[in-house]
């Protein structure tokens with residue numbers, strides 16, 4: 477189905493959406509001077525602002541710390557991937573996957589990026605109120621349902637280790653990519669024993685991934701701390 481028909485958009489400038497679904501690999505292969513990264517940046521800020529406003533009004537007794545944690549759950553990569561899959565945004569993506577030999581993690585990252593770049597294009601083309609109604613339909617309902625997208629594995633393993641006087645240390649094993657599109661590989665050590673290696677597009681995501689793997693190992697009855 478046509479993108480505009482699917483989302484009931486009467487575009488003022490279709491180019492915004494063309495850019496929003498153009499991956500850097502496709503732009504390189506076809507000699508284009510644009511890709512979706514700038515719109516992704518814009519969409520990320522818009523989504524964070526709209527979710528923050530909704531949470532602020534919905535939970536008037538919550539403090540800054542609790543609101544921040546709640547917002548993280550609905551704007552994290554796992555949530556963005558979920559929204560993007562639900563909307564079928566990947567169907568409109570222009571990407572040269574064979575030439576770039578994208579990894580599974582990179583494909584997931586692209587999927588999450590699309591939701592933000594689409595929001596950025598929508599905001600520029602249709603304005604804030606239209607974008608807010610769209611976010612309300614797609615995102616706010618999951619806030620009302622209290623759906624969990626993000627698990628704070630770092631806090632969980634810290635509580636576990638604090639209660640047993642085990643030291644925790646994270647170490648960056650590798651850092652690659654351009655400044656606006658990096659990949660981090662980070663290891664977690666408990667009492668200097670490596671317990672897991674995680675990957676993410678920022679340090680926090682990689683640390684969470686490593687912490688999850690460490691927790692999985694700790695819950696394995698064959699491993700004793």
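Numbering (the numbering used here), first residue to last: 477 to 701.
C-beta: ideal position from N, C-alpha, C; glycine also.
DSSP places residue 638 in no beta strand (DSSP E) but in the uninterrupted alpha helix (DSSP H) bounded by 629 to 640. When rounded, the separation of the alpha-carbon atoms in residue 638 and residue 541 is 21 Å. DSSP places residue 538 in no alpha helix (DSSP H); its state is neither H nor E.
Under the 10 Å beta carbon count, residue 547 is surrounded by 16 or more other beta carbons and is classified as buried. The three-state reading of DSSP puts residue 614 in helix, counting H, G and I together. By a beta-carbon distance limit of 8 Å, residue 551 does not contact residue 515. Their separation comes to about 16 Å. Contact check between the stretch 565 to 574 and the stretch 494 to 503: three or more CB pairs, one atom from each, fall below 8 Å, which counts as touching. Counting C-beta pairs with one atom in each stretch, the stretch 555 to 570 and the stretch 583 to 593 have three or more that are closer than 8 Å, which means they touch.
Per DSSP, residue 692 lies in no beta strand (DSSP E) segment; the continuous alpha helix (DSSP H) that holds it begins and ends at 679 to 694. Separation of the CB atoms of residue 565 and residue 606 is rounded to 17 Å, and the pair is thereby denied contact status at 8 Å. Straight through space, the alpha carbons of residue 646 and residue 632 are spaced by roughly 15 Å. The stretch 667 to 679 makes no contact with the stretch 615 to 627; the number of CB pairs closer than 8 Å stays below 3. The C-beta of residue 653 has fewer than 16 other C-beta atoms within 10 Å across all chains shown, which makes the residue exposed. Using a Cβ distance threshold of 8 Å, residue 664 and residue 648 do not count as a contacting pair.
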